[in-house]
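Colleague: Counting from 0, one number per residue, gives the positions in the sequence shown under numbering that gives the first Met the number 0.
Just so you know, even glycine gets a beta-carbon here, dropped at the ideal spot from N, CA and C.
Quick caveat, the model's predicted, so the values are computed rather than measured.
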Amino acid sequence: MIKKILPWIINLLLLATVNAEELNSDNTTVILTNNTPVVLQLKINLLTEDKAFQKGKDWDGNSLLLAPYETKSILWFNRNIHVKSDQLYQFDIVIEHPNYHHQDLIISVTEKGKKIYGSDIYANLTLPLQIKRNILVNNHFQLIAADFWNNSYQIYARQWTPLTSLVGHYHFTINQPQTNIFNTSSAKRISILSYNTQFMPFYANVINNLNQPDIRVTDIPPKISSYDVVILEELFDKDLRLKIIKLMQVHYPFHTEVVGDHTTKALTGGIMMFSKWPIIKQDQIIYQASADIDSLAAKGVIYAAINKMGIIYHVFGTHLQAAEVNGGHDARQKQLLELANWIENLNIPPHQAVLIGGDFNIHYLSPDFIVLQNTLHVKLLDNIGYPYSTDSDINTMSKGQHRSRIDYIFYSNLHLTAKIAYNKIFILRDLENVKMWPSFDLSDHFPVVGFFDFNE
Numbered sequence: 000m001i002k003k004i005l006p007w008i009i010n011l012l013l014l015a016t017v018n019a020e021e022l023n024s025d026n027t028t029v030i031l032t033n034n035t036p037v038v039l040q041l042k043i044n045l046l047t048e049d050k051a052f053q054k055g056k057d058w059d060g061n062s063l064l065l066a067p068y069e070t071k072s073i074l075w076f077n078r079n080i081h082v083k084s085d086q087l088y089q090f091d092i093v094i095e096h097p098n099y100h101h102q103d104l105i106i107s108v109t110e111k112g113k114k115i116y117g118s119d120i121y122a123n124l125t126l127p128l129q130i131k132r133n134i135l136v137n138n139h140f141q142l143i144a145a146d147f148w149n150n151s152y153q154i155y156a157r158q159w160t161p162l163t164s165l166v167g168h169y170h171f172t173i174n175q176p177q178t179n180i181f182n183t184s185s186a187k188r189i190s191i192l193s194y195n196t197q198f199m200p201f202y203a204n205v206i207n208n209l210n211q212p213d214i215r216v217t218d219i220p221p222k223i224s225s226y227d228v229v230i231l232e233e234l235f236d237k238d239l240r241l242k243i244i245k246l247m248q249v250h251y252p253f254h255t256e257v258v259g260d261h262t263t264k265a266l267t268g269g270i271m272m273f274s275k276w277p278i279i280k281q282d283q284i285i286y287q288a289s290a291d292i293d294s295l296a297a298k299g300v301i302y303a304a305i306n307k308m309g310i311i312y313h314v315f316g317t318h319l320q321a322a323e324v325n326g327g328h329d330a331r332q333k334q335l336l337e338l339a340n341w342i343e344n345l346n347i348p349p350h351q352a353v354l355i356g357g358d359f360n361i362h363y364l365s366p367d368f369i370v371l372q373n374t375l376h377v378k379l380l381d382n383i384g385y386p387y388s389t390d391s392d393i394n395t396m397s398k399g400q401h402r403s404r405i406d407y408i409f410y411s412n413l414h415l416t417a418k419i420a421y422n423k424i425f426i427l428r429d430l431e432n433v434k435m436w437p438s439f440d441l442s443d444h445f446p447v448v449g450f451f452d453f454n455e
């Protein structure tokens, strides 16, 4: 009887500040993030002598597939009413890699019923072909690094108790660190990264999930430090922009101004370029065409002529019209023409490389992408990474329902052509900082890097 009455009393106290629909004080939830490039298969088994502890009533969790970089709530179980005193309930989450059968990774969460109220809980981890170990014993956040499945992995484990709950919850992440390996030691090879950072003004948080921008602005620079050139979009907030400039200078001693820095519009264009190599010339334009809410920003193009060990690269970064409504589609088409005409009027020697990157807001399967290619004299390059640069299915900062590839790095076919060229979209998250959990995405876009080899 006490097990039934005590949580009812506590719930009444909590209801003074918490919406009743958000309150589920007696259940523990287990969340799993598959931060790897492969589909993982999950099975959940309950080991207990209590035959009355029923699936669907006291707990639930099913076999399922977890897509690459996907997060799901995979298990819940009751922590009080039907939990018997001194009884053990062990939930085994069995995780199978598609290429390594019979080498399962097992996360075990066990509860033991208490006499008066609730249950104690603890977690174990069994890595493939290894012995079981206790985790989260003396802390609520833990990293376990290990080699298995023919690769190096990191297992992150977090236990926390929300203000709206009487019991703790678990979030586990299986992380396979990503590597972008491309040797650019040669002057005739170059790597260029483009990243829409979503550093909007603070008031934009009303309609967007800005996800702790003061933490994100510190986290991003060291994670994008290994490229020759970086183009950043949506550096709209002035304070955040000044902070990221300072932090980026540790890795990139040269940078341009922001597009539209002296505009009379409400916002600058938010585009900047950073380089490891001297910028010998820079320029910018603000698009004449704009529509709808985009008209509040001085969107345009940043240009930098970069001298990499005697080889000159002409790099353009842009952010095209986003909104489709109220003339947005036509404005984007006009912006493409403005960009193409400006590049042409610069009279860049045809034996030098012209590279164009940014957020184009045009999906590569859209008919408009053909217009983009013809207008800018570029072609779609292979993407060897994640298929989408915006994906609401896996990105906690991305609103709505959409999966699209709209961020690219191109080279101009009217100028020096690359012998090897490809793009790679990759997932950028901050798993190391517990303050970012569970929304550890660093923008509503994923970065894209272009690798180019201009050796003859």
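#1: Could you work out which residue in A352, K333, V257 and E110 is closest to L413 when comparing CA atoms only?
#2: Tell me the residue span of the beta strand (DSSP E) that contains D329.
#3: Helix, strand or coil for S294, going by three-state DSSP, please let me know.
#4: Tell me the residue span of the alpha helix (DSSP H) that contains D218.
#5: If you run the structure through DSSP and keep just helix, strand and coil, what is D238?
#6: Where G60 and Y68 are concerned, what is the direct C-alpha to C-alpha distance, given to the nearest angstrom?
#7: What residues match up with T70 in a beta bridge as DSSP calls it?
#8: Quick one: what's E95 bridged to in DSSP?
#9: Tell me the residue span of the alpha helix (DSSP H) that contains T125.
#10: How about S442 and Q197: are their beta carbons less than 9 Å apart?
#11: Given a threshold of 16 other Cβ atoms within 10 Å of its Cβ, counted over all protein chains shown, does L354 qualify as buried or as exposed?
#12: Report back the beta-carbon spacing between F445 and I426 to the nearest angstrom; my notes put them in contact at under 8 Å.
#13: If you follow the alpha helix (DSSP H) that N138 is in, where does it begin and where does it stop?
#14: When we look at the beta-carbon of K418 and count the other beta-carbons within 10 Å, is it buried (16 or more) or exposed?
#15: At the level of alpha carbons, what is the spacing between I284 and F315?
#16: Tell me whether V353 sits in a helix, a strand or coil according to DSSP, three-state version.
#17: Looking at N123: is its Cβ nearer than 9 Å to the Cβ of Q153?
#18: What's the gap between the Cα of H350 and the Cα of L415?
#19: Near G449, what residues of its chain come up, given a Cβ to Cβ distance below 6 Å and the 5 sequence neighbours on each side ignored?
#20: For I43, count neighbouring Cβ atoms within 10 angstroms of its own Cβ and tell me buried if that reaches 16, exposed if not.
#21: Whole angstroms are fine: how far does the CA of T178 sit from the CA of I342?
#22: I need the DSSP call for I347, collapsed to helix, strand or coil.
#23: Cutting at 6 Å between CB atoms, please list the residues of its own chain near H376, excluding the five before and the five after it.
Modeller: For this structure:
#1: The candidate whose alpha carbon is nearest that of L413 is A352.
#2: For D329, there is no enclosing beta strand (DSSP E); the residue is found in the alpha helix (DSSP H) stretching over G327 to N344.
#3: Here S294 sits in helix by DSSP.
#4: Segment P212 to K222, the alpha helix (DSSP H) holding D218.
#5: In this structure, D238 counts as helix in the three-state DSSP scheme.
#6: Distance between the alpha carbons of G60 and Y68 is about 20 Å.
#7: Answer by DSSP bridge pairing, in chain order: T32.
#8: Bridge partners of E95: Q40.
#9: Taken as a continuous stretch (DSSP letters only), T125 belongs to no alpha helix (DSSP H), being part of the beta strand (DSSP E) at S118 to T125.
#10: Against a cut-off of 9 Å, the Cβ pair of Q197 and S442 comes out as a contact.
#11: Using a 10 angstroms sphere on the CB of L354, the tally of other CB atoms reaches 16 or more, which defines it as buried.
#12: Beta-carbon to beta-carbon, F445 and I426 are separated by about 6 Å, close enough to satisfy the 8 Å threshold.
#13: No alpha helix (DSSP H) contains N138, which DSSP labels as neither H nor E.
#14: With fewer than 16 Cβ atoms within 10 Å of its Cβ, K418 is classed as exposed.
#15: Roughly 11 Å between the two C-alpha positions.
#16: V353 falls in the strand class under three-state DSSP.
#17: Not in contact: N123 and Q153 (Cβ atoms no closer than 9 Å).
#18: H350 and L415: Cα-Cα distance of roughly 5 Å.
#19: Within the same chain, G449 has close Cβ partners I191, I408 and N422.
#20: By the neighbour-count rule (16 or more Cβ atoms within 10 Å), I43 is buried.
#21: Approximately 33 Å between the Cα atoms of the pair.
#22: Looking at I347 - three-state DSSP - the assignment turns out to be coil, as it is neither helix nor strand.
#23: Result list for H376: S411, N412 and L413, in chain order.
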